[in-house]
Every structure is written in C-alpha cells, then in structure tokens.
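So the sequence shown is numbered by this note's numbering: it starts at 3 and just counts up by one.
The C-beta atom is built at its ideal place from N, Cα and C for all residues, glycine as well.
Structure record follows, encoded as structure tokens.
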Amino acid sequence: MNKKRWLALGIAAVIFFASILTNSISLLASDEASMSELLAAEEEVIEDGDFEKRIVVLDLDGTIADTGDSASLFSSEGYNHQALLEHLDTIAWDDTISGLVLEVNSPGGGVHESAEIHRKIEAIKEAGKPVYVSMGSMAASGGYYVAAPANQIYASPETLTGSLGVIMQTFNFEGFAEKYGIDMVTIKSGEFKDIGNSFRDMTDEEKSIMQSLVDNSYNQFVTVIAEGRDMSKEEVRKVADGRIYDGRQAKELNLVDELGYLDDAIAGMKKNEGLEDAAVVKLTDSIGLGSMLNLKLTQWLGGNDEASIIKEIMTENQSPQLMYLYSGE
C-alpha cells in the first residue's frame, strides 16, 4: 500500500473517531437534540406572506434508501432518509405550518423506506394539513408510492412515472466460479437458509418463496394506490404492470391530477386550500461538520478516487431487499 493510501486510511480513522466524539458531546449537551437537529434545517423563503401559517416545500431527491444514521459523518451527500422523516414529523406537529408541497424526483427505492415515508405523509394529512406533490423528471415506483396519498399530484408532461410494482434481484456467479475454480462451501441450519446464494442456481421452490414476498409487497402497493387515488384495485392492476408513463399518460390514467411544475403546485395549494396569504418556505439542510470533512477529505487526496473507496466501504449495504424501484436506467 502506497503512502497516499495510508494517509487516506489515517484521515478516515481520524474522521471516524471525530464522529464518535461529536455524537457524545451532542448527547451530553441535550437528551432531546439529535445530531440531525444540531445540523438544523434552515428555511429558505420562496414567497413572503404569513409565516404563522406557512407552506413548506420539501425535496425528496434520489433513491429512497436508508444508508445509516443521519448523524454519521459519512452519511450520503444526497438523499438522507432519517432527516426526511424528521422533517415530515415536524410538519405534522408544528401548528405554524399549514401545508406541505413535496418535490419528488426519485426512481424509487426500498419497500420499507417507502412505507415509512408514506406513513408520515398520512400523519400530516391526519393533522388536517394538505399534502401536494410536484413530480420532477422522475417519480417512479417507490417515488410514486410516497406520492399516492397526496391531496393533489402535479407532474410535468415530461415526467417519467409509473413503474408500479416490486422487484427483487440477485446475481448468479456459478459460471464465473466454475471458470476460476472457486468453490463456495455452505453450512446451514435449514434447507432455505442460503436462499438467494449467488454461487448456485435458485431452485423452483426457492423462486416460489421469493415470488410470494414480491406478490405481498405488490398487493400492498396496489392497496396504497387504490386508497390514495380513489380507484378500485382492479383499475390499479390494469396500469400497475411495471411500465412507465409520461405525465400526459399518467393524467389520462388518473395517476396524477394536473400537468404542471412546482410553482403550479404551490399556486394550486394556495387557491384550493384557502392559503393565498401564506408564506412559502423551502426546508434546506445546512452544511454540517460531516459534509465539510467529506469535502476536505476529497480535497486533501487530490481527487475523488480514494475518498470514494473509503466512503463506499464504510457505507455500502450489500444485502438484497425488496424494492419499489424503476431499474430501467
């Protein structure tokens, strides 16, 4: 290992222990404050008005996946699942917030994470606050799952949406292993303990077991859409075959309400919900210690390669999972 890589590992170790120290200090400082709260959300004013009944715009941008504790210094620079959930909680209980416009630009993601967001959005509606969704370039699969309960869904004519369904994928390295003389030795407690083993073909019975999991999640997806869009399950199943639609097609199929962009969704909420004089703010996470150290690490190493390797090793989750995910890219 060359000096540069030793230096990279040393810096990574320093940041790791700094993360532990920072979390310890925050816990001592307040039993109630989490690290994500310390890296507090800021409100960017989009439209002036009454801040005692403001409309909040919140981004959901990227693949819906929980890559770990939002307090970690190695947390993703993009989508932050735990931070998003906390924002949704705040919107539900804060009496000075009157509505949510959720900007969705996502190919979907994990079944569990999508369900968590869906539940939070339902809680906001139960608190008597309208939820509008503005779809970006893509709001597919899990991206649509979280949008389904909204009072109104806006999509641009170019938005790719749909891909309504569930997917589970794994690799089969059996041919590769045979070619290079790799022998996977498995000792297991039950017949199906190594189901999905990438070094052998899956049996028909194993495929049936995995298919049942996919079917259960698919049925849940159908139920969510049927309830959110006031459609019958039979109507949903006709359009939920995994294909994608553009905004115009989605409107014709009752998957979205209006063609438009973020400003149209905001205007629609103000008009429809009697919030014409409400201020409009956008929640943005301030740059915290973790982001700055990640940036410095990249700068010190003179590029992205070593920093990316270290970060991937520490954050990558390789376990298979059920996904509400458009995988056509």
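Item, Value
"Considering only their Cβ atoms, is the gap separating TYR156 from GLY244 smaller than 8 Å?", "no"
"Sort out for me which residues DSSP pairs ARG56 with in a bridge.", "ILE99"
"Measure the beta-carbon distance from GLY80 to TYR326 and round it to whole angstroms, keeping in mind my assumption that it falls under 8 Å.", "That belief does not hold up - the Cβ atoms of GLY80 and TYR326 are roughly 18 Å apart, past 8 Å."
"To the nearest angstrom, how far is the alpha carbon of VAL283 from that of ASP203?", "53 Å"
"Could you give the C-beta distance for GLY164 and ILE246, rounded to a whole number, given that I count them as a contact under 8 Å?", "4 Å"
"Using 8 Å as the cut-off, can you tell me whether the segment 90-98 makes contact with the segment 134-145, which would need three or more C-beta pairs spanning the two stretches below that distance?", "no"
"What are the residues that DSSP puts in a beta bridge with THR286?", "GLU44"
"For PHE201, which residues in the same chain have their Cβ closer than 7 Å to its Cβ, ignoring the five residues on either side in sequence?", "PHE175, GLU176, ALA179 and MET186"
"Any idea which residues DSSP pairs LEU327 with across the strands?", "GLY110"
"Using 8 Å for Cβ pairs, my map puts GLU260 next to GLN171. What's the rounded Cβ distance?", "Between GLN171 and GLU260 the Cβ distance is about 34 Å, and since that is not below 8 Å, they are no contact."
"Nearest to ILE99 by CA position, among GLN84, VAL133 and GLU115, is which residue?", "VAL133"
"Report back the beta-carbon spacing between GLU118 and LEU87 to the nearest angstrom; my notes put them in contact at under 8 Å.", "6 Å"
"Identify the residues that DSSP records as bridge partners of GLN213: which are they?", "Paired residues: none, contrary to the question."
"Along the chain, where does the beta strand (DSSP E) that runs through VAL133 open and close?", "133-142"
"With DSSP collapsed to three states, give me the class of ASP206.", "helix"
"Have a look at VAL258, LYS240 and GLY145 and flag the residue whose alpha-carbon is nearest the alpha-carbon of ASP63.", "GLY145"
"Measure the beta-carbon distance from PHE223 to GLU208 and round it to whole angstroms, keeping in mind my assumption that it falls under 8 Å.", "The pair is not a contact, with the Cβ atoms about 23 Å apart (cut-off 8 Å)."
"ALA269 lies in the alpha helix (DSSP H); which residues open and close that run?", "264-274"
"Could you tell me which whole beta strand (DSSP E) segments of length 3 or greater appear in the segment 146-195?", "154-157 and 162-164"
"Grouping DSSP H, G and I as helix and E and B as strand, with all else coil, what is ASP91?", "helix"
"Can you tell me whether GLU34 is buried or exposed, with buried defined as 16 or more other CB within 10 angstroms of its CB?", "Low local confidence applies: a pLDDT of 45 at GLU34 is under 50, so the model's placement there is unreliable, with the coordinate-based value given in what follows. With fewer than 16 Cβ atoms within 10 Å of its Cβ, GLU34 is classed as exposed."
"In the DSSP assignment, find the alpha helix (DSSP H) that holds ARG245 and state where it starts and stops.", "Unbroken run through ARG245: none, as it is neither H nor E."
"Find the nearest neighbour of VAL238 within the set ALA267, TYR263, ARG56 and TYR147, judged by alpha-carbon distance.", "TYR147"
"Short check: CB of PRO151 to CB of GLY230, under 8 Å?", "yes"
"Buried or exposed for TYR182, going by 16 or more other Cβ atoms inside 10 Å?", "exposed"
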